[in-house]
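Single-structure report; data block below.
2 protein chains.
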Amino acid sequence: MTDLLSVARLAGVSRATAARAFSEPDKVREATRNKVFAASESLGFRPNYVARQLRTQSTRIIGVMLPTLSNPVFSEQLQGMEHLAREHGYALMVATTDYDTRRESAVLENLLRQRVDGLVLTVADARHSACLALLEQEPLPAVLVHNPSATNFITISVDNQRAMQHATQQLLTLGHIRIGMIAGPVQQSDRAQLRYQGYCGAMRDAGLMPLPLMEMAHHTRIDAGRLAALLAEHALTALLCSNDLLALSAIGSLQRLGYAVPEQISVVGFDGIALGEMVCPALCSVVQPQRELGAIAMESLMNLIQGVETPSRILDFTLRRGESIAPARF
Amino acid sequence: MTDLLSVARLAGVSRATAARAFSEPDKVREATRNKVFAASESLGFRPNYVARQLRTQSTRIIGVMLPTLSNPVFSEQLQGMEHLAREHGYALMVATTDYDTRRESAVLENLLRQRVDGLVLTVADARHSACLALLEQEPLPAVLVHNPSATNFITISVDNQRAMQHATQQLLTLGHIRIGMIAGPVQQSDRAQLRYQGYCGAMRDAGLMPLPLMEMAHHTRIDAGRLAALLAEHALTALLCSNDLLALSAIGSLQRLGYAVPEQISVVGFDGIALGEMVCPALCSVVQPQRELGAIAMESLMNLIQGVETPSRILDFTLRRGESIAPARF
DNA sequence: TTGTAAGCGTTATCAC
DNA sequence: GTGATAACGCTTACAA
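Sequences listed follow chains A and B, in order.
Read in order, the letters of the first sequence correspond to residues 1 to 330 in UniProt numbering.
Read in order, the letters of the second sequence correspond to residues 1 to 330 in UniProt numbering.
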């Protein structure tokens with residue numbers, strides 16, 4: 001691959017002039033500039049960003065760390081970040097962790113070695129995170145998404161607890177009393193824990209005993225057998241799920257078990273993934289602005305990088321009514 | 001940030017020795033090595049990959065270009081690639097194009113300037129792609145996913161045409177005759193076109209006239225009004241969809257329109273996304289191994305980078321029966 | 001086993 | 001306006 005020096009030679013100018021022709025075109029006489037461009041063209045010159053990065057000490061790369069891309073919440077978030085980063089001329093280096101804290105640390109270390117200009121990350125549990133502890137020592141601009149419990153960082157998220165509390169109240173308003181909640185591996189998700197607290201709060205406010213959280217082995221798939229047992233044991237009429245995939249999986253399982261949704265049992269999800277609206281019954285869900293979470297996080301990071309102070313933000317959620325909840329029947 | 005020279009000085013050795021302590025530990029006496037590590041530790045040294053990349057002319061970064069991350073097919077594929085790349089010590093630089101050929105070219109140029117060691121890409125239409133034309137001139141290892149029509153490249157995909165032909169035959173076997181097909185913007189997807197050809201082939205083989213492809217404005221969402229018109233006009237009893245999101249959207253719309261699926265109308269999707277299995281009725285779909293497509297593409301790329309010749313591959317599909325198709329009723 | 005020194009392809013700081 | 005030259009932080013012959 002040709003370099004700037006060859007271009008300069010072919011154009012009959014110095015390397016400095018060739019460089020200027022690209023970066024500060026008006027500081028170069030037009031004739032010279034054209035010679036440089038012609039030479040560049042004929043040699044198939046392509047600027048080497050790595051060299052530039054080393055020299056300028058700035059990579060224009062943003063490191064992105066996410067638990068998984070198999071959940072649309074995160075891939076939509078990533079899509080939102082990608083668009084915004086591109087607008088600002090930044091590229092994305094993306095890594096996933098599968099909710100594994102050791103991978104979180106390894107990924108972070110890698111990104112730091114790559115000298116990314118900033119980070120947008122979502123960790124499994126911000127309160128017990130070696131990775132965040134390390135990051136705190138670093139002067140690198142960083143924004144967390146979905147991790148409001150990381151109080152030492154700038155975070156972008158919705159109020160998970162209040163959101164789930166709101167959803168629970170909605171069910172209570174519909175006359176439900178025996179309401180249960182399921183989640184994926186809860187140790188791996190501070191979000192799920194906050195959502196459970198929201199459920200508990202709403203139940204207690206209504207003078208009801210919250211049920212223990214039913215924990216599934218997988219973040220996004222129901223164990224139909226255990227679900228059936230849970231329903232029977234507590235005679236549930238409504239089910240809250242800590243995310244939409246779990247909720248959709250629950251609805252499918254329930255229907256196969258012979259339950260009518262929402263006539264016999266109401267189901268509520270969390271996240272508001274696009275698919276939830278398409279299926280029938282449309283999923284009732286706490287909608288968080290998925291792309292916007294990513295886009296705003298990236299926008300905030302861009303500010304930080306430019307030295308502009310930027311606040312943490314709690315974005316609004318909405319409860320999408322859908323068709324998967326109905327008044328309780330007695 | 002500290003550099004190797006400072007570490008070396010603190011350890012009382014030369015820069016070369018410090019470097020070797022990291023890259024070829026056994027070529028350094030243990031005592032020296034420990035001095036280096038200790039110095040490195042106390043200074044908080046972190047290798048600068050950018051400098052290494054410039055020096056070694058190898059970034060250990062793979063460029064990834066995908067149409068969108070909003071379709072699980074692609075995000076799963078990316079997930080598969082990410083795992084494999086990480087295993088091999090490569091990082092991923094990810095960009096999306098929204099099926100826009102101009103963005104494809106821009107993204108490619110960027111990735112080339114970043115001097116990625118290889119590329120895994122999925123383009124909108126491999127037969128008309130400025131981006132691939134450019135790439136052909138480059139000596140860079142590259143693998144295409146989902147673009148079997150790119151004959152000058154190594155491609156990993158399923159046989160889209162045969163797969164859709166198979167699905168269509170399945171419907172024919174069930175007694176369906178009036179079978180229609182819908183797709184997203186077909187100009188933007190060579191895959192959709194291949195799938196349509198598969199449908200046409202099966203229909204003709206059965207002595208039936210294929211219907212024109214019904215093109216939706218969006219890749220992943222149905223226009224319910226137009227769908228209804230289509231159904232009525234041709235009195236369809238079965239509907240093929242060029243992807244699963246479209247199919248799920250179609251099922252939802254149909255149910256809201258009062259159709260029973262599959263009793264009145266059978267629906268078949270394409271891709272085999274995980275969600276399709278969860279909903280009820282479970283989506284009948286041509287399943288392609290999404291993660292594997294990504295993983296194998298990345299594996300092939302790793303081979304290419306090491307100079308090992310690697311063939312294009314057509315992976316097997318399976319038809320998942322699901323619950324969204326049934327025998328035709330007369 | 002360790003040190004010296006050149007070089008990767010830029011950008012930036014000087015002079016002219 | 002343009003040119004010479006020194007970094008940026010690392011790897012790697014080659015020497016010692």
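Here a beta-carbon is modelled for each residue, glycine too, at the ideal position from N, C-alpha and C.
Proximal chain B residues relative to residue i, where beta-carbon distance stays under 8 angstroms
i, result
"S70 of chain A", "P72, S75, E76, Q79, A274"
Beta-carbon proximity of residue i to residue j, cut-off 8 angstroms
i, j, result
"S157 of chain A", "I273 of chain A", "no"
"M65 of chain B", "L121 of chain B", "yes"
"Q165 of chain A", "G198 of chain A", "yes"
"R60 of chain B", "A95 of chain B", "no"
"L43 of chain A", "S75 of chain A", "no"
"L239 of chain B", "G322 of chain B", "no"
"I182 of chain B", "S242 of chain B", "yes"
"P67 of chain B", "Y99 of chain B", "yes"
"L257 of chain A", "A224 of chain A", "yes"
"residue 342 of chain A", "Q161 of chain A", "Examination of residue 342 of chain A is not possible in this model, given that chain A is present from 1 through 330 alone."
"V50 of chain B", "R115 of chain A", "yes"
"P25 of chain A", "R113 of chain B", "no"
"residue 339 of chain B", "S149 of chain B", "Residue 339 of chain B falls outside the range modelled here, since chain B spans only 1 to 330, and no answer is possible."
"G269 of chain A", "D244 of chain A", "yes"
"S253 of chain A", "L227 of chain A", "yes"
Beta-carbon neighbours of residue i, restricted to chain A and to distances below 8 angstroms
i, result
"P47 of chain B", "R113"
"L92 of chain B", "M93, V94, A95"
Under 7 angstroms from the C-beta of residue i: neighbouring residues of chain B
i, result
"T96 of chain A", "Q79, E82"
"N110 of chain A", "A91"
"residue 331 of chain A", "Residue 331 of chain A cannot be examined here, being either before or after the span of chain A that is shown, 1 to 330."
Sequence-distant residues of the same chain with beta carbon closer than 6 angstroms to residue i, five excluded per side
i, result
"A85 of chain B", "I62, L92, M298"
"F45 of chain B", "T2, V7"
"A163 of chain A", "V286, F317"
"A168 of chain A", "The sequence as given places Thr at residue 168 of chain A; Ala does not occur at that position. Answer for T168 of chain A: Y199, A202, listed in chain order."
"V36 of chain A", "A11, A18, A21"
"K27 of chain B", "R20"
"S40 of chain B", "V7"
"Q53 of chain B", "T59"
Proximity test, residue i beta-carbon vs the ligand GTP heavy atom, cut-off 7 angstroms
i, result
"V143 of chain A", "Although the ligand GTP was asked about, the structure shown includes no ligands whatsoever."
Residues near residue i in its chain [Cβ-Cβ closer than 7 angstroms; skip 5 each side]
i, result
"G175 of chain B", "P327, A328"
"S300 of chain B", "V143, I154, I156, T310"
"R15 of chain B", "L4, L5, A8"
"R178 of chain B", "H234, A235, L236, T237"
"M302 of chain B", "H88"
"S58 of chain B", "D117"
"N152 of chain A", "E136"
Residues of its chain near residue i, where Cβ-Cβ distance is below 8 angstroms and the 5 sequence neighbours each way are ignored
i, result
"Q79 of chain A", "R291, G294"
"residue 342 of chain A", "Any question about residue 342 of chain A goes unanswered here, given that chain A covers just 1 to 330."
"A38 of chain A", "A11"
"Y196 of chain B", "M164, M181, A183, V186, L213, S242"
"L230 of chain A", "G180, I182, M214, L236"
"T32 of chain B", "A11, V13, T17, A21"
"M81 of chain A", "I62, V64, L92, V120, G294, A295, A297, M298"
"residue 338 of chain B", "Coverage of chain B is limited to positions 1 through 330, which leaves residue 338 of chain B absent and any answer about it impossible."
Contact between the segment 260-269 of chain B and the segment 293-303 of chain B (3+ Cβ pairs under 8 angstroms): The segment 260-269 of chain B and the segment 293-303 of chain B do not touch, with fewer than 3 CB-CB distances between them shorter than 8 angstroms.
Selection of the segment 225-255 of chain A by Cβ proximity to chain B, strictly under 9 angstroms: Listed by position along the chain: L245, L248, S249, A250, I251, G252, S253, L254, Q255.
Contact residues within the segment 47-64 of chain A, judged by C-beta distance below 7 angstroms to chain B: Residues passing the 7 angstroms Cβ filter: P47, N48, Y49, V50, A51, Q53, L54, T59.
Residues of the segment 297-330 of chain B with Cβ closer than 7 angstroms to any Cβ of chain A, in chain order: For the segment 297-330 of chain B, there are no residues whose beta carbon sits under 7 angstroms from a beta carbon of chain A.
At least three beta-carbon pairs within less than 8 angstroms, the segment 205-224 of chain A to the segment 276-286 of chain A: Not touching, per the Cβ criterion.
At least three beta-carbon pairs within less than 8 angstroms, the segment 206-213 of chain A to the segment 245-254 of chain A: With the cut-off at 8 angstroms, the segment 206-213 of chain A and the segment 245-254 of chain A do not touch.
Validate contact between the segment 120-136 of chain B and the segment 125-135 of chain A using beta carbons, cut 8 angstroms, 3 pairs: A contact between stretches requires three or more CB pairs, one per stretch, nearer than 8 angstroms, and the segment 120-136 of chain B fails this requirement with the segment 125-135 of chain A.
Three or more C-beta pairs below 8 angstroms linking the segment 100-108 of chain A and the segment 104-123 of chain B: No, they do not touch.
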